[in-house]
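Protein chains in written order, with the working numbering: chain G, 195 to 434; chain E, 68 to 370; chain D, -17 to 350. Ideal Cβ placement from N, Cα and C applies to all residues, glycine included. Small disclaimer: the values here were computed from a predicted structure and weren't measured.
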């Protein structure tokens, strides 16, 4: 049996009389790419916020990276990385200032940071622009950098909330190369997306609708089960 | 219906549009396809008279967008990229407001929006800010149509919208097209190209190609080989290490391979991968899709 | 016309549905008035005074009695010579000295005029001004009751001297100042914010693409705030009158017309700001730093203009609020007519026209 990195049992989150997450139960295994799909307003963002320790659930048992979601949110935060489409980096800081800031927040020593920074800039081919403001870089570069920064402190899990919105198809694939690489290095990737072809890149996919998880399996098995030729059809059959 | 000639537009040193020319025929559903920052929004804003081009000209139903901007504003329905209705007004109040602004009433053109509006009518007393994403979109579309425009311009209506709502939205557009409205829509989703009559592929302010979606893929001469194996990450890395590789991109559960001179055969790859210990290997030649074409056009433009 | 009507209706929906806007519109004016009002009001009860009665006749004693029984004043000392005045002020406790000249009652009966001197410690200008105003009011009241048939407004000419700050150009009632500030806040800041909010939300894009004319958008934005500002001006004047007892000696109609003029000016400023500001935050910043602070600091509302360095004095002439406060003070406190404030009114009209022209010209019919 593979090692579980996230366990969720009967997670419920209510806002007044609106139930955003209705009894979610699922596990995420170490090193997998877990696709978290659902229509707008299905409750994805709420669930991610709870798992990141930003919001507390109404009820249920949850462990992230081995830590309890109610009592050990501080420890959880040290062991996860987070990147969303909206916030990624400070536009008015340079590339290397952003890295410095982030390393500082996570208490990474200056020596270690310098080594990692050099390696990172080389890998992303950003050495030439390291003293440029983030605001002046193309969107695709920013996203790649934002992802690398989110895993700079070697978290056990990285949460990606629609990381590839709006970028061109080539950049989008280069971005997924990074995700694959991170997963290959043992980082668990928890990702939401609206691109259904990206759902295929995931090891397993869960599909939410109206606060509930309606399906959870590998893309291949889901397609078989719903007799669909691609994930797009699976999604539409479930959410419609 | 829409005629664009040599339009250029720069913001400071950034060239947002570079000598763009295109024509949209009467009654067409035309797609402007490209990623963020390609210049789609700038072009649509010029057409809706919100921006002036640095050079070049554009005509909407024979009206100059610069000189006759007041007339153009009467015949255009526009749905901007962000949700741009009054969140603190109810569904009904929004609709009535935009109707009066255009000097008409909601009843007068109800026929046109009936199919769209009836779905949100049960919530007409609800504030627009409290609607779900899909409903907001339907309301925004209703408001853009309320004055019965000849041309409908939509800026990324499906961005950030889930697959189901996207599908519904395109069905609505198809229905509107039947009512003799010319539609120009922009989108970053390549798979939506197939839903348009004709498309323009746009990247970095330049048009890569304009044609019907089918012809765009048919014209494409490169050979695309689709490969699948158990371990995708390893597969992609190994394919990239292959001596004759020009490009390898992940496509859903497959990787799409392009060889340097299109002479690489399927069985060549098959043996190569088996030698490296891949299991469940599947290699076949396929017809390219719009996304394949876009990526290759983009790469060759960059070079 | 129908377009404009529905635009205005929409604008009112925005205002009435946003608790924050409602609070700024109706909570802040009242709060500010109460704060300024109570600060000043608490000081005007129990003001220590000293009296130097040279006449020592029936009239002077009756006036003294009236003053002391009014509740505003406490007699600290009866003085015996003019030299005592300086000494007693220096001690700091006494705020006002009243001097009745020789033969005070006799002169009043015989010649219909009498002389008294009011000397105030003007190191705290507002209190000084208030003390003088109250004293004069009480004395006048007394005379009117004594000789109801006399028509002249003042038979006793109080000779006012402001100690320590002889000219006392700056100290006036707080109501005109608060009024100028609040009207500036509501009119300029709220309009500029409501326009930039549409830019931020993207609704401005749709409005621009629609056949609405810029003038319609501007008028539609201005009218709701014009009405609300007028309502606010009413509240302020009435509260000033009935809660704090600030008199309106002049024409109420003229007062309101001048107020509307000032509101129009501020609204145009608001629109002007919105043509430069990209988002609500910038609009708010410009309104705060560019309008509210100067209105408070440079209009003479808090700090006397005369005591400012020359460059700031010059700058204060550019403050519309300065003219408005002058006008309002003249109408409310001095009871003068338009004839006396036509210059200031002309300046305000000029400013309004200038800002209207500029904002219509600058209002963009396109983005960017």
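Applying a beta-carbon distance threshold of less than 8 Å, which residues of chain E neighbour residue i?
i              : result
residue 391(G) : 258, 318 and 319
residue -8(D)  : 153, 156, 160 and 164
residue 370(G) : 317
residue -12(D) : 163, 164, 167 and 168
residue 426(G) : 230 and 258
Which chain G residues sit within Cβ distance under 8 Å of residue i?
i              : result
residue 232(E) : 233 and 234
Hey, would you say the C-beta of residue i is under 7 Å away from at least one heavy atom of the ligand NAD?
i              : result
residue 263(G) : As far as ligands go, the structure on display features none, and thus does not contain the ligand NAD.
Measure how close the beta-carbons of residue i and residue j come, nearest whole angstrom, since I'm counting them as under 8 Å.
i              : j              : result
residue 358(G) : residue 230(G) : With a Cβ gap of about 14 Å, residue 358(G) and residue 230(G) do not count as contacting.
residue 266(E) : residue 283(E) : 7 Å
residue 193(D) : residue 137(E) : 7 Å
residue 265(D) : residue 175(D) : 5 Å
residue 242(G) : residue 221(G) : No, residue 242(G) and residue 221(G) are not in contact; Cβ-Cβ is about 16 Å, not under 8 Å.
residue 252(E) : residue 240(E) : 7 Å
residue 195(E) : residue 158(E) : 6 Å
residue 78(D)  : residue 12(D)  : 31 Å between Cβ atoms; not a contact.
residue 269(D) : residue 255(D) : 6 Å
residue 391(G) : residue 318(E) : 6 Å
residue 223(E) : residue 201(E) : Rounded, the Cβ-Cβ distance is 15 Å, inconsistent with contact.
residue 219(G) : residue 234(G) : No, residue 219(G) and residue 234(G) are not in contact; Cβ-Cβ is about 23 Å, not under 8 Å.
residue 353(E) : residue 280(E) : Actually they do not touch by this definition, with Cβ atoms about 16 Å apart.
Along chain D, which residues have their Cβ under 8 Å away from the Cβ of residue i?
i              : result
residue 137(E) : 193
What does DSSP give as the partner residues of residue i in its beta bridges?
i              : result
residue 72(E)  : 124(E)
residue 373(E) : Missing from the structure shown is residue 373(E); chain E here goes from 68 to 370 and no further.
residue 230(G) : 400(G)
residue 284(E) : According to DSSP, which records beta bridges pairwise, residue 284(E) is partnered with nothing at all.
residue 355(G) : 278(G) and 386(G)
residue 218(G) : 205(G)
residue 267(E) : 99(E) and 277(E)
residue 90(E)  : 70(E)
residue 212(G) : 209(G)
residue 256(G) : 202(G)
residue 353(E) : 291(E)
Would you mind telling me which residues of chain E sit closer than 7 Å to residue i, beta carbon to beta carbon, in chain order?
i              : result
residue -1(D)  : 155
residue 364(G) : 362, 365 and 366
residue 251(G) : In chain order: nothing, as chain E lies at least about 22 Å away.
residue 500(G) : Since the first and last residues shown for chain G are 195 and 434, residue 500(G) lies out of range.
residue 183(D) : 151
residue -5(D)  : 155, 156 and 160
Applying a beta-carbon distance threshold of less than 9 Å, which residues of chain G neighbour residue i?
i              : result
residue 229(E) : 231, 232, 233, 234, 235, 236, 388, 429 and 433
residue 270(E) : 362
Cβ closer than 7 Å: which chain C residues qualify as neighbours of residue i?
i              : result
residue 333(G) : The structure shown contains no chain C; its protein chains are G, E and D.
Using the beta-carbon of each residue, which ones in chain D are nearer than 7 Å to residue i?
i              : result
residue 190(E) : What residue 190(E) touches in chain D: nothing, since even the nearest Cβ is about 17 Å away.
residue 141(E) : 193
residue 119(E) : 348
Can you name the residues of chain G whose CB is closer than 7 Å to the CB of residue i?
i              : result
residue 199(E) : 234 and 235
residue 358(E) : 363
Against residue i, what residues of chain D qualify as contacts under a CB-to-CB distance less than 9 Å, listed in chain order?
i              : result
residue 116(E) : 190, 191, 347 and 348
Runs of beta strand (DSSP E) lying entirely within the stretch 185 to 245 of chain E, each at least 3 residues, in chain order: 218 to 221
Segment contact flag, the stretch 179 to 197 of chain D with the stretch 316 to 330 of chain D, C-beta cutoff 8 Å, min 3 pairs: no
Cβ contact (3+ pairs, closer than 8 Å) linking the stretch 249 to 263 of chain G and the stretch 413 to 429 of chain G: no
Sequence ranges, beta strand (DSSP E) only - wholly within the stretch 32 to 105 of chain D, length at least 3: 55 to 60, 78 to 82 and 96 to 103
Touch test, the stretch 100 to 108 of chain E against the stretch 343 to 361 of chain G, Cβ-Cβ under 8 Å, three pairs minimum: yes
The stretch 250 to 266 of chain E in contact with the stretch 88 to 97 of chain E per 3-pair CB rule at 8 Å: yes
Touching by the beta-carbon criterion (3+ pairs, under 8 Å), the stretch 239 to 251 of chain D and the stretch 34 to 47 of chain D: no
contact_flag[the stretch 184 to 191 of chain E, the stretch 217 to 234 of chain D] where n(CB pairs < 8 Å) is 3 or more: no
Three or more C-beta pairs below 8 Å linking the stretch -15 to -1 of chain D and the stretch 302 to 321 of chain E: no
Three-pair Cβ contact test at 8 Å for the stretch 118 to 129 of chain E versus the stretch 69 to 85 of chain E: yes
At least 3 beta-carbon pairs within less than 8 Å: the stretch 87 to 94 of chain D vs the stretch 62 to 78 of chain D: no
Contact the stretch 283 to 299 of chain E vs the stretch 126 to 143 of chain E: 3+ CB pairs below 8 Å: no
Cβ pair count under 8 Å reaching 3, the stretch 393 to 413 of chain G against the stretch 207 to 223 of chain E: no
Start-end ranges of the beta strand (DSSP E) lying completely within the stretch 283 to 323 of chain D, minimum 3 residues: none
Inter-stretch contact (C-beta, 8 Å, three-pair minimum) for the stretch 339 to 350 of chain E and the stretch 295 to 303 of chain E: yes
At least 3 beta-carbon pairs within less than 8 Å: the stretch 296 to 314 of chain D vs the stretch 201 to 213 of chain D: no
Cβ contact (3+ pairs, closer than 8 Å) linking the stretch 79 to 86 of chain D and the stretch 38 to 54 of chain D: yes
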